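J.: Chains as they are written, first to last, in our numbering: chain A, 1 to 423; chain L, 1 to 423.
Sharing a structure with you now.
Here's what the structure looks like:
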């Protein structure tokens, strides 16, 4: 059987946001790309499988980055002293405009995909740019990498530099062509409808995009309530809406299909619609929300109420595409929020942040990001022996926490997606 | 001449908190371990010097970590879900007690010193433990590494586990012996008087330590106003004091010698003594203040008022000993503080955070951390070509910002201290 094997090591995963499971020195059995089970001793019926012995290494599920801008990767870690709207106009838009040239896009996306491949991320939901051909080049490179991705050709027809504004009719047509081409060309890369955010999309464009998502039954991604300046702008643009979420709803973009809303920093107490529509996935982007001075979101509030809330890097608002950083940063800012904003909302702990980066994000793709039977076998093998310490007797969970805190760059020894080893 | 050379590359430093200096493709001339000058073209009078051509590489000053616990390095990145006082009792104190065994200390400090050597830090102010012999072993290893360090044998005689409590008279005697031995044995490692913090030191011990610092004319380091729980405790212990700083003053520990006070998160508006005593150096520890849920300090307030405020990792409250992380984290939390706590205090920018990590911290040692003429030649050479990007035409300052944001682990190509190359 293809993509079937037994893997031995110190296994860790989080079946719930408040539950971690550790299996020291155990066998993870994968059949046909899916997790069959975990066993202290390999049952005889699996003795014919290929075996990989990573004794002493850590084995965790692959992570999902629910919101990242591939086209911003070239300027990660730059111009961090600016706030969101200035940063968009001064740097982001001019850089994204470069992707009108497919040969530039080919080279730039190569850098992004190479780094993504090495990272702890196995699945991601990506913004490209408005340029259809360049976006298809990104899809091609991701397909070949073995990673699983949703890639959106971005739609925008107002309030942006001329070079990033599409004609509305053309934008709708181009989006539909893009959807069809991605569906017909790739098996691991899927299209996702991507209105940038309300300020960049006319009502007509937004409504047409919502209809396309429903027509082709594909998901949708956008931004919600990231920054106070942005909120004010949306209020001006949609004066009859009671909230930013309500504005999306009026445009037919609110959770008719599976929908990622990135950020939601200012949704708390204001956009209860997040709690009510099970098609909405919140992408919490702690590093980006910090770098762009957006603010600290109360992630635990949504976790405890059963919302879909997962983690994301939001490169290049986030400086790094490492989901290890996103895990630690989510814990960190939740502590500062607890201390300074609201002591009634407990901080995240490591388990809950790991859950958001693994199973919660993976649920957008079906069942990935966990090692429960039936889950897709997305696997990371980590070598924590390269981080010396005198401590012995650490539990598997402690070693995973330590590895993730001490490897902000996200180094991974081996990586498999749906039971296929990428390295 | 020894430790004299000319070094070519893209040079960056910050002579003031609001001023950065970039010298693309220039020569840094070092004579006898000190900076002589920077020149676009190497003057003829220096033509006889050894030359190092690092064209295309970045050259920045070595960084100072003003507050780090070497004895906590073994558990960096662990148990991050606990707050300060629990974390001290559950993990920190039991771990520090292990250093009563010099053979344990020898091995554990080896791991610390090896990593410190590779890091961007050239100078640091270190807490060891209460154990004199083990602390001297740390001094020996640091001396041999070539790094420049203040190392304190920690003093504590109350409110701690039995195994970490010294007899008061013994603690005073042991501290004096330690001071004499460090002074007579080492040339790059200096003693620093180290009362842990008020809860751990009786009044008698504190007062005697203050006298020892004055008698031997050596600096002193401790903790101030880190966490609300700690503040309450100090108020109970010193009911007649108007503030935590005032309590130190009453004990004779307030700035009679150069004095590092780590944290000062809750000093703002409460301990104006910080602004008034030029012997006080604030060690701002952003990652530790975040991990231990302590809070966000208003660093810019002190910078703008001409205080000595520098950066520190505070391992193991901080997860990493990389000062690159401390720079980025200082900027990050200042933005969140601006957003959520006080919009009258502007966030730090990259330049000011870099200044705190370099020249401000270096000033504790005399004049290090800058490339102005006469400064000690502490030098880092960085290779940013290993971080691919399509962007060209980035300025030197942009490349330094990018390198530091994208290298949280702190990798460095070459490193010199006072003109001596360590690697």
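We put the beta carbon where it would ideally sit given N, CA and C, even for glycine.
From a predicted model like this one, the values you see are computed outputs, not experimental measurements.
Could you work out which residue in A:4, A:192, A:243 is closest to residue 218 (chain A) when comparing CA atoms only?
T.: Against the first chain, residue 218 (chain A) aligns to sequence position 218. It is A:192 whose Cα lies nearest to the Cα of residue 218 (chain A).
J.: With a 10 Å radius around its C-beta and 16 neighbouring C-beta atoms as the bar for buried, classify residue 395 (chain A) as buried or exposed.
T.: As a first step, residue 395 (chain A) is located in the first chain; it is residue number 395 there, counting from the start. With fewer than 16 other Cβ atoms within 10 Å, it is exposed.
J.: How many Å lie between residue 297 (chain L) and residue 208 (chain L) at the Cα?
T.: The count along the second chain starts at 1 and reaches residue 297 (chain L) at position 297. The count along the second chain starts at 1 and reaches residue 208 (chain L) at position 208. Rounded to whole angstroms, residue 297 (chain L) to residue 208 (chain L) spans 31 Å at the Cα level.
J.: So residue 77 (chain L) packs on residue 402 (chain A), CB below 8 Å; how close in whole Å?
T.: Reading the second chain from its first residue, position 77 is the one you call residue 77 (chain L). Reading the first chain from its first residue, position 402 is the one you call residue 402 (chain A). Between residue 402 (chain A) and residue 77 (chain L) the Cβ distance is about 4 Å, and since that is below 8 Å, they are a contact.
J.: Excluding five sequence neighbours on each side, which residues of the same chain lie with their C-beta closer than 8 Å to the C-beta of residue 265 (chain A)?
T.: Here the question's residue 265 (chain A) lines up with position 265 in the first chain. If we look at residue 265 (chain A) and ignore the five residues flanking it on each side, its Cβ neighbours are 225, 226, 227, 289, 294, 295, 296, 297.
J.: If the cut-off is 9 Å on Cβ atoms, which residues from the region 294-319 of chain L count as contacting chain A, listed in chain order?
T.: 294, 295, 296, 319
J.: Answer yes or no: does any C-beta atom of chain L fall closer than 8 Å to that of residue 77 (chain A)?
T.: Stepping through the first chain from its first residue, residue 77 (chain A) is reached at position 77. It does; some Cβ of chain L falls within 8 Å.
J.: Along the chain, where does the alpha helix (DSSP H) containing residue 324 (chain A) start, and where does it finish?
T.: Sequence index remark: in the first chain, residue 324 (chain A) carries index 324 (1-based). Residue 324 (chain A) -> alpha helix (DSSP H) spans 323-340.
J.: Mapping the DSSP letters down to three states, classify residue 228 (chain A) as helix, strand or coil.
T.: Numbered from 1 along the first chain, position 228 holds the residue referred to as residue 228 (chain A). Note: residue 228 (chain A) maps to helix in three-state DSSP.
J.: Residues of the region 360-388 of chain L with a CB closer than 9 Å to any CB of chain A: list them in chain order, please.
T.: 387, 388
J.: What three-state label does DSSP hand residue 387 (chain L) in the structure shown?
T.: Translated into positions along the second chain, residue 387 (chain L) becomes position 387. Correct three-state label for residue 387 (chain L): coil.
J.: Got a sec? Which residues, its chain only, sit under 8 Å from residue 66 (chain A) by beta carbon, not counting five neighbours each side?
T.: Within the first chain, numbered from 1, the residue matching residue 66 (chain A) stands at position 66. Counting only Cβ-Cβ distances below 8 Å, and skipping sequence neighbours, we find 124, 125, 260, 262, 281, 283, 310, 311, 312, 361, 364.
J.: Taking the alpha carbon of residue 74 (chain L) as the point to measure from, which residue in A:418, A:420, A:413, A:398 has its own alpha carbon closest?
T.: In the second chain, the residue the question calls residue 74 (chain L) occupies position 74. When each option's Cα is compared against that of residue 74 (chain L), the closest is A:398.
J.: If you follow the beta strand (DSSP E) that residue 126 (chain L) is part of, which residue opens it and which one closes it?
T.: Taking the first residue of the second chain as position 1, residue 126 (chain L) is located at position 126. If you look at residue 126 (chain L), you'll find it in the beta strand (DSSP E) that goes 121-127.
J.: Going by Cα to Cα distance, which pick from L:7, L:14, L:8 is closest to residue 368 (chain L)?
T.: The residue you call residue 368 (chain L) lines up with position 368 of the second chain. The shortest Cα separation from residue 368 (chain L) among L:7, L:14, L:8 belongs to L:14.
J.: Hey, how far is the Cα of residue 178 (chain A) from the Cα of residue 54 (chain L)?
T.: One-based indexing of the first chain puts residue 178 (chain A) at position 178. One-based indexing of the second chain puts residue 54 (chain L) at position 54. Cα to Cα, residue 178 (chain A) sits roughly 47 Å from residue 54 (chain L).
J.: Quick check on residue 165 (chain L): does DSSP put it in helix, strand or coil?
T.: Numbered from its first residue, the second chain carries residue 165 (chain L) at position 165. Residue 165 (chain L): coil per DSSP, three-state reduction.
J.: Identify the contact partners of residue 108 (chain L) in chain A, using a Cβ-Cβ distance below 7 Å as the criterion.
T.: What you label residue 108 (chain L) is simply residue 108 of the second chain in a count that begins at 1. What residue 108 (chain L) touches in chain A: 390.
J.: Would residue 195 (chain L) and residue 206 (chain L) be called neighbours here (beta carbons separated by less than 8 Å)?
T.: Against the second chain, residue 195 (chain L) aligns to sequence position 195. Against the second chain, residue 206 (chain L) aligns to sequence position 206. Cβ distance < 8 Å, so residue 195 (chain L) and residue 206 (chain L) count as in contact.
J.: Where does residue 184 (chain A) land, buried or exposed, given buried means 16+ other C-beta within 10 angstroms?
T.: Taking the first residue of the first chain as position 1, residue 184 (chain A) is located at position 184. Burial call: exposed.
J.: Is the separation between the beta-carbon of residue 374 (chain A) and that of residue 34 (chain A) shorter than 8 Å?
T.: For the purposes of this step, residue 374 (chain A) is taken as the residue at position 374 of the first chain. For the purposes of this step, residue 34 (chain A) is taken as the residue at position 34 of the first chain. Yes, they are a contact pair.
J.: Whole angstroms are fine: how far does the CA of residue 329 (chain L) sit from the CA of residue 239 (chain L)?
T.: As a position in the second chain, residue 239 (chain L) is number 239, starting the count at 1. As a position in the second chain, residue 329 (chain L) is number 329, starting the count at 1. Those two C-alpha atoms are separated by around 35 Å.
J.: What residues of chain L sit near residue 395 (chain A), judged by a beta carbon separation below 9 Å?
T.: Along the first chain, read from residue 1 onward, the residue named residue 395 (chain A) stands at position 395. Per Cβ cutoff of 9 Å: no residues; residue 395 (chain A) is ~10 Å from chain L at best.
J.: Quick one: grab the DSSP three-state call for residue 185 (chain L).
T.: Mapped onto the second chain, residue 185 (chain L) falls at position 185. For residue 185 (chain L), the secondary structure class from DSSP, reduced to helix, strand or coil, is helix.
J.: Against chain L, does residue 66 (chain A) count as a neighbour if the rule is that its beta carbon must be under 8 Å from one of theirs?
T.: Residue mapping note: residue 66 (chain A) aligns to position 66 of the first chain, counting from 1. Residue 66 (chain A) does not count as touching chain L.
J.: Report the partner residues of residue 64 (chain L) according to the DSSP bridge assignment.
T.: Counting from one through the second chain, the residue named residue 64 (chain L) turns up at place 64. According to DSSP, which records beta bridges pairwise, residue 64 (chain L) is partnered with L:123.
J.: Less than 8 Å between CB atoms is the rule here; does residue 116 (chain L) satisfy it with respect to chain A?
T.: Numbered from 1 along the second chain, position 116 holds the residue referred to as residue 116 (chain L). Closer than 8 Å: no.
J.: Thinking C-alpha only, which one of A:338, A:51, A:17 is nearest residue 3 (chain A)?
T.: As a working note, residue 3 (chain A) is residue 3 in the first chain. The residue with the shortest Cα to Cα distance from residue 3 (chain A) is A:51.
J.: Under 8 Å, Cβ to Cβ, is there at least one residue of chain A near residue 90 (chain L)?
T.: Position 90 of the second chain, counting from 1, holds the residue named residue 90 (chain L). Not an interface residue.
J.: With DSSP run on the structure shown, which of helix, strand or coil describes residue 302 (chain A)?
T.: Here residue 302 (chain A) is taken as the residue at index 302 of the first chain, counted from 1. Residue state, collapsed to three classes: helix.
J.: Is the beta carbon of residue 321 (chain A) closer than 8 Å to that of residue 114 (chain A)?
T.: Within the first chain, residue 114 (chain A) is the residue found at index 114, counting from 1. Within the first chain, residue 321 (chain A) is the residue found at index 321, counting from 1. It is not a contact, given that the beta carbons lie outside the stated cut-off.
J.: Would you please verify whether the beta carbon of residue 332 (chain L) is less than 8 Å from any beta carbon of chain A?
T.: The count along the second chain starts at 1 and reaches residue 332 (chain L) at position 332. Interface residue, yes.
J.: Of the residues that make up the region 336-362 of chain A, which ones have a beta carbon closer than 8 Å to any beta carbon in chain L?
T.: 336, 337, 338, 339, 340, 341, 347, 349, 350
J.: Please list the residues of the region 205-222 of chain L that have a C-beta atom closer than 9 Å to any C-beta atom in chain A, keeping them in chain order.
T.: none
J.: Chain A partners of residue 402 (chain L), CB-CB under 7 Å?
T.: For the purposes of this step, residue 402 (chain L) is taken as residue 402 along the second chain, with counting starting at 1. Simply 77, 78.
J.: Could you check where the alpha helix (DSSP H) with residue 409 (chain A) kicks off and where it finishes?
T.: For the purposes of this step, residue 409 (chain A) is taken as the residue at position 409 of the first chain. First-last for residue 409 (chain A): undefined, no H or E at that position.
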